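Chemist:
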Amino acid sequence: MPVGYWFDLPDPAFKLMRTADRVALVKPVPPWIVVDQSLDSIVIGSRWPGKLWRVRVEKQGDMSDLVAQPGYWRASAIELLEALPLSALFGPKGEAVLEIITQISTLSRTDAQALADNLPDNAWMAYSRAWMRWSQEDGEPAADDEGDWRGALAATRRGDKARSPVHSGFLLIHSQLRQRAEQLDGGNAFTLIEEDGETEQVLKPTWQAACDALLFAAMARAAPQYVSDDDALTLLHAWSRVFNEASQRA
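And the structure:
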């Protein structure tokens with residue numbers, strides 16, 4: 001039976017039968033247990049921290065309505081083979097992403113303002129260049145203009161199921177920062193923008209700049225293979241100034 005990876009989300013609504021080394025649905029019906037074929041395609045969502053496992057699919061769920069090679073299996077029962085460190089979710093240097101996420105949990109308004117104040121104006125260009133290098137790794141780039149990557153959290157590229165240079169790391173940093181901003185400032189952390197008859201809730205400038213600073217630091221520290229030395233200094237500037245980190249790549 002196939003072996004893959006399962007991220008055990010802390011979701012009380014998802015009813016499972018658990019033993020020491022086995023997890024199964026109460027009934028073999030959707031929603032299924034999702035077992036990813038690779039770590040870079042795992043979807044974390046907003047729930048955190050959860051647990052990461054290498055597992056074997058014991059009983060496969062209905063795959064008939066999926067596209068060919070979806071990158072995961074549906075299962076109604078799995079065997080737990082090995083617990084893996086959460087840092088593995090974000091690549092070989094995933095500990096850097098974990099450190100940033102941990103920092104978010106205690107981030108203060110003062111910290112957020114300091115991150116915003118120390119954010120270089122051209123940092124997003126360095127962030128975009130890293131995204132472009134990543135997108136070109138297995139073929140033609142998805143976007144060939146730096147401006148097209150501004151604010152990017154996830155993307156697709158040819159040849160694999162990867163979603164970013166740090167897998168789901170950018171999406172998680174963004175969602176955790178939004179939660180922290182709401183904890184501290186409630187609705188005042190956001191601005192409502194109406195466009196085409198729809199209303200979108202976006203972070204106010206200070207919180208958005210703080211989020212950008214953390215995303216930039218994650219790129220430089222957790223995906224240094226896509227970042228030049230000069231760009232690393234730019235991307236790490238706000239993080240290093242605020243948290244007294246040495247300005248070096250992890």
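With full-length UniProt numbering applied, the sequence shown corresponds to residues 1 to 250, in that order.
Even glycine gets a Cβ: it sits at the ideal position worked out from N, Cα and C.
Model, not experiment: these values are computed from the prediction.
On the three-pair Cβ rule with 8 Å, is the region 99-109 touching the region 57-67?
Modeler: The region 99-109 is not in contact with the region 57-67.
Chemist: May I ask you to verify whether the region 177-187 touches the region 108-127, counting CB pairs closer than 8 Å and requiring at least 3?
Modeler: Segments in contact, yes.
Chemist: Taking DSSP as the reference, what is the three-state secondary structure of Gln248?
Modeler: For this step, residue 248 is matched to residue 248 along the sequence shown. Bear in mind that a pLDDT of 43 at Gln248, under 50, signals an unreliable position, so the model cannot answer this.
Chemist: How about Gly4 and Val35: are their beta carbons less than 8 Å apart?
Modeler: Position 4 of the sequence shown, counted from the first residue, corresponds to residue 4. Position 35 of the sequence shown, counted from the first residue, corresponds to residue 35. Yes, they are a contact pair.
Chemist: Measure the alpha-carbon distance for Val55 versus Leu153 and round it to whole angstroms.
Modeler: Mapped onto the sequence shown, residue 55 falls at position 55. Mapped onto the sequence shown, residue 153 falls at position 153. Approximately 28 Å between the Cα atoms of the pair.
Chemist: Looking only at C-alpha atoms, which of Leu39, Ala218, Trp134 sits nearest to Phe170?
Modeler: Within the sequence shown, the letter at position 170 stands for residue 170. Minimum Cα distance to Phe170 is reached at Ala218.
Chemist: Is Ala13 closer than 8 Å to Ala112 when the C-beta atoms are compared?
Modeler: Looking up residue 112 in the sequence shown gives position 112. Looking up residue 13 in the sequence shown gives position 13. Going by C-beta atoms, Ala112 is not nearer than 8 Å to Ala13.
Chemist: So, with DSSP's three-state summary, where would you put Asp8?
Modeler: In the sequence shown, the residue the question calls residue 8 occupies position 8. In the structure shown, Asp8 sits in a strand (DSSP, three-state: E or B).
Chemist: Are the beta-carbon atoms of Gly71 and Ser41 separated by less than 8 Å?
Modeler: Locating residue 71 in the sequence shown gives position 71, counting from the first residue. Locating residue 41 in the sequence shown gives position 41, counting from the first residue. Contact: yes.
Chemist: Near Ser128, which residues of its chain fall below 8 Å by C-beta distance, leaving aside the five closest residues on each side in sequence?
Modeler: Working through the sequence shown from its first residue, we reach residue 128 at position 128. Counting only Cβ-Cβ distances below 8 Å, and skipping sequence neighbours, we find Glu146, Gly147, Asp148, Trp149, Arg150, Ala152.
Chemist: Does DSSP put Met17 in a helix, a strand or coil?
Modeler: Indexing the sequence shown from 1 puts residue 17 at position 17. It is a strand residue.
Chemist: Taking the straight line between their C-alpha atoms, what separation do you get for Thr156 and Lys27?
Modeler: Start at 1 with the first residue of the sequence shown, and residue 156 comes out as number 156. Start at 1 with the first residue of the sequence shown, and residue 27 comes out as number 27. So the alpha carbons of these two residues sit roughly 34 Å apart.
Chemist: Counting along the chain, where does the beta strand (DSSP E) carrying Ile101 start and finish?
Modeler: Within the sequence shown, the letter at position 101 stands for residue 101. Where Ile101 is concerned, there is no enclosing beta strand (DSSP E), although the alpha helix (DSSP H) it sits in stretches over 95-104.
Chemist: Under DSSP, the alpha helix (DSSP H) around Leu115 begins and ends at which residues?
Modeler: What you label residue 115 is simply residue 115 of the sequence shown in a count that begins at 1. Its alpha helix (DSSP H) spans residues 109-117.
Chemist: Would you mind sorting Leu236 into buried or exposed? The rule is 16 or more other CB atoms within 10 Å of its CB.
Modeler: Residue numbering aside, residue 236 sits at position 236 when the sequence shown is read from its first letter. Buried, since its Cβ has 16 or more Cβ neighbours within 10 Å.
Chemist: Does Thr199 come out as helix, strand or coil in the three-state DSSP assignment?
Modeler: Position 199 of the sequence shown holds residue 199. Correct three-state label for Thr199: strand.
Chemist: Go ahead and label Thr19 buried or exposed: buried means 16 or more other beta carbons lie within 10 angstroms of its beta carbon, across all protein chains shown.
Modeler: In the sequence shown, the residue the question calls residue 19 occupies position 19. Exposed, by the Cβ-count rule.
Chemist: CB Ile16 to CB Leu89, shorter than 8 Å?
Modeler: As a position in the sequence shown, residue 16 is number 16, starting the count at 1. As a position in the sequence shown, residue 89 is number 89, starting the count at 1. One point to set straight first is that residue 16 is Leu, not Ile, in the sequence displayed. Cβ atoms of Leu16 and Leu89: not closer than 8 Å.
Chemist: Please classify Trp32: does DSSP put it in a helix, a strand, or coil?
Modeler: In the sequence shown, the residue the question calls residue 32 occupies position 32. Coil.
Chemist: Which ranges does the alpha helix (DSSP H) cover as unbroken runs of at least 4 residues, wholly within the region 141-206, from first to last along the chain?
Modeler: Entirely contained in the region 141-206, the alpha helix (DSSP H) runs reaching 4 residues are, in chain order, 169-185.
Chemist: Could you tell me the distance, in whole angstroms, from the CA atom of Glu79 to the CA atom of Met1?
Modeler: Your numbering for residue 79 matches position 79 in the sequence shown. Your numbering for residue 1 matches position 1 in the sequence shown. So the alpha carbons of these two residues sit roughly 10 Å apart.
Chemist: Sorted by chain position, which residues of the same chain lie with C-beta nearer than 7 Å to Pro10's C-beta, five sequence neighbours on each side aside?
Modeler: Sequence index remark: in the sequence shown, residue 10 carries index 10 (1-based). Arg47, Gly50, listed in sequence order.
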